[in-house]
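Using my numbering, the letters of the sequence shown correspond one by one to residues 222 to 721. Note that CB positions come from ideal geometry on N, CA and C, so glycine has one too. The structure under discussion appears below in the form of structure tokens.
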Amino acid sequence: MLKNVLNLNSVEAKKFFISQESYSNIELPPYFSFSRLLSVIKKNFKDKELTFGDIKKAKKYETVNHILYGNKDGKYAWRKYEIINPLLYVSLVNVVTQKDNWKFLQDRFKEFQSDKNIECESIPVLPRYKSKQRASQISQWVNNVEKKSVTLALEYKFLYQTDIANCYGSIYTHSIPWAIHTKEESKRKQKYTDLFGNKIDHHVQAMSYGQTNGIPQGSILMDFIAEVVLGYADMELSKKLNVALKDKKFYILRYRDDYRIFTNDTTDGDIILKCLSEALIGFGFRLNTNKTYSCNDVVTGSIKPDKIEALKFEAVPKKLSKKELLRQLLIVQQIGKWHPNSGTLKNRLSKIFDAVNDKDFYNQQKLITSLLIDIAYNNPNAFPVIAGLVSSCISKLTIKSKKELLLKIQNKICNLSNTGLIEIWIQRMSIGLKFKLPLNEKLCKAVDGEAQNIFVTDWIDYPVIKKSIEGKSYIDKVKISKTKTLISKKEVQVFDPYYN
């Protein structure tokens with residue numbers, strides 16, 4: 222079993238949250254690195270926290286973070302990611318991991334998890350040796366949610382599944398101190414310095430124009446803060462179920478905002494959903510009716526539909542002929558139509574990436590590129606690994622042909638809305654060709670040498686820190702100079718493709 226962040230002491234927890242992978246879990250090329258910037262702020266700011274005056278100034282700006290939009294479906298749906306203003310981030314880490322505060326949070330989570338019928342499996346885990354943080358978190362889900370769900374078929378007849386609609390965007394920031402200190406205590410002590418939960422609340426508000434709805438998505442720290450609120454909701458649900466289903470057998474697995482409810486009676490399942498809906502209303506949450514369903518086949522219901530679909534196809538061979546490569550890409554295209562942006566689709570693409578080399582594309586570069594970009598257009602979340610495959614596909618073409626293809630890719634993909642993340646990976650392909658493309662994303666412009674402040678800093682009264690944030694230390698120029706045409710597997714793959 223992997224250690225999670227609650228197993229750490231306050232010093233270890235601070236080190237964990239200040240790391241690059243915890244600060245931003247957004248998929249970016251390796252020449253984006255915020256480690257140096259975070260180190261400078263940590264060195265100069267030490268263990269201090271922003272004052273209420275500092276926070277009030279930050280709240281005057283529409284956003285002090287850098288916002289990235291990712292297209293979700295090849296149409297108009299999008300997901301908002303944020304790279305948090307690094308000074309606000311370090312200050313918030315200092316609040317959360319202050320020795321007494323951290324101990325208080327650890328004890329509070331023990332209360333949240335006291336009902337053994339409700340189990341949370343989404344507390345951020347520590348990465349395995351040489352593993353990526355995301356890989357460790359995915360392993361946690363597979364082992365402790367999916368496989369455990371299958372095991373529970375021995376004890377339960379029915380499985381109900383549901384999730385919270387727009388979870389992070391719906392979190393009421395005042396519910397953070399409620400969760401930590403109780404609602405009653407928080408109502409009595411509302412000043413910034415009265416409770417450390419109030420400080421967390423105001424730090425989060427400062428990231429979004431002083432608004433009290435929503436927390437940023439894109440960092441492990443925010444995942445942890447979401448768990449504080451969701452853990453409190455678990456406790457409120459437990460109170461309701463102790464009355465409504467006293468002495469009844471049931472089990473609830475929660476992974477972030479996804480709930481799996483196991484019962485032996487459909488009436489009990491309906492009661493649990495009703496109690497869950499009522500418990501969540503007090504936090505500004507609502508259940509996603511489109512993703513709420515039940516089944517009497519616990520084993521099949523426990524496995525994601527895209528994984529069931531994948532059973533129709535044999536595994537990707539470790540070596541691919543030209544003909545087989547095309548067949549495998551057509552399989553991926555079909556999976557993408559039924560299960561867009563799914564884990565199965567991305568995993569299969571990763572295995573194809575591992576199996577091919579540049580000679581496999583000979584004389585069919587344009588055909589394969591067209592097929593890959595069609596997959597990317599309808600599955601934008603898979604674009605990083607597709608960019609890797611495209612870079613391998615076109616590697617033997619002339620520079621002129623590469624540039625022509627890249628322009629066609631840009632024209633096709635950038636017709637989508639909210640393509641900031643995709644533009645970053647298109648630029649990654651162009652950097653290897655020593656070729657500049659006109660791109661709108663601020664991070665791309667900064668890489669191209671244009672003056673860009675990706676964070677608002679006008680509110681900051683710490684000159685050294687302000688200067689460091691306004692600089693471009695988050696761009697590793699040495700790595701850019703060494704960037705090759707071929708995108709390496711390490712850049713875009715979470716797991717070893719043949720990891721079981």
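{"Item": "G609 classed as buried or exposed, judged by whether at least 16 other C-beta atoms fall within 10 angstroms", "Value": "buried"}
{"Item": "Spatial distance of L628 from G452 (CA atoms)", "Value": "48 Å"}
{"Item": "Endpoints, alpha helix (DSSP H) assigned at S407", "Value": "K404 to R409"}
{"Item": "Contacts around T640, its chain only, beta-carbon distance under 7 Å, and the 5 residues preceding and following it disregarded", "Value": "N292 and I634"}
{"Item": "DSSP bridge partner residues for N434 (one or two, in chain order)", "Value": "Y393"}
{"Item": "Start-to-end residues for the alpha helix (DSSP H) that takes in K235", "Value": "S231 to I239"}
{"Item": "Extent of the continuous beta strand (DSSP E) run through E340", "Value": "I339 to C341"}
{"Item": "Any 3 or more C-beta pairs closer than 8 Å across the region 434-446 and the region 389-403", "Value": "yes"}
{"Item": "Range covered by the beta strand (DSSP E) that runs through I473", "Value": "F471 to Y476"}
{"Item": "Burial state of F318 (16 or more Cβ within 10 Å)", "Value": "Per the sequence presented here, residue 318 reads as Thr, with Phe not at that position. By the neighbour-count rule (16 or more Cβ atoms within 10 Å), T318 is buried."}
{"Item": "Within the region 238-312, ranges of the beta strand (DSSP E) (whole runs, at least 3 residues)", "Value": "287-292 and 299-304"}
{"Item": "Beta strand (DSSP E) segments (min. 3 residues) lying fully within the region 557-618", "Value": "none"}
{"Item": "Start and end residues, beta strand (DSSP E) containing Q382", "Value": "F379 to D384"}
{"Item": "Supposed contact pair N286 and N315 - C-beta distance, whole angstroms, cut 8 Å", "Value": "Not quite, the Cβ-Cβ distance comes to about 18 Å (not below 8 Å), so this is no contact."}
{"Item": "Cross-strand partners of Y514 (DSSP beta bridge)", "Value": "Q382"}
{"Item": "Under 8 Å between C-beta atoms of Q426 and K280", "Value": "yes"}
{"Item": "Endpoints, the alpha helix (DSSP H) within which I502 is located", "Value": "T487 to I502"}
{"Item": "Length-filtered (4 minimum) alpha helix (DSSP H) runs lying within the region 648-700", "Value": "663-668 and 684-691"}
{"Item": "Segment limits, alpha helix (DSSP H) that includes F445", "Value": "I441 to A465"}
{"Item": "Terminal residues of the beta strand (DSSP E) in which T414 lies", "Value": "Counting along the chain, T414 falls outside any beta strand (DSSP E), and DSSP gives it neither H nor E."}
{"Item": "The region 229-245 touching the region 668-685, judged by at least three CB pairs closer than 8 Å", "Value": "no"}
{"Item": "Burial state of I304 (16 or more Cβ within 10 Å)", "Value": "buried"}
{"Item": "Beta-carbon spacing of F253, I690 below 8 Å", "Value": "no"}
{"Item": "Whole-number beta carbon distance between L566 and L593, since they are thought to touch under 8 Å", "Value": "With a Cβ gap of about 12 Å, L593 and L566 do not count as contacting."}
{"Item": "Candidates A454, K698 and I686: closest to L258 by CA position", "Value": "I686"}
{"Item": "One or two residues paired with R481 in a DSSP bridge", "Value": "Q382 and L474"}
{"Item": "Proximity winner among N364, K353 and F325, relative to S343 (alpha-carbon distances)", "Value": "N364"}
{"Item": "Between the CA atoms of F504 and I473 - distance to the nearest angstrom", "Value": "19 Å"}
{"Item": "Given G490 as reference, the closest of L462, F506 and P251 once Cα atoms are compared", "Value": "L462"}
{"Item": "Close Cβ partners of L347 (< 6 Å) along its chain, the five nearest in sequence each way excluded", "Value": "K224"}
{"Item": "Closest residue to E340 among V366, N485 and L588 (Cα-Cα distance)", "Value": "V366"}
{"Item": "K688 classed as buried or exposed, judged by whether at least 16 other C-beta atoms fall within 10 angstroms", "Value": "exposed"}
{"Item": "Distance CB(I441)-CB(F238) smaller than 8 Å", "Value": "yes"}
{"Item": "Among K277, F330, S245 and Q241, the one whose alpha carbon lies nearest that of E228", "Value": "For the record, residue 228 in the displayed sequence is Asn; it is not Glu. The shortest C-alpha separation from N228 is found at F330."}
{"Item": "Alpha-carbon spacing of N578 relative to K420, whole angstroms", "Value": "52 Å"}
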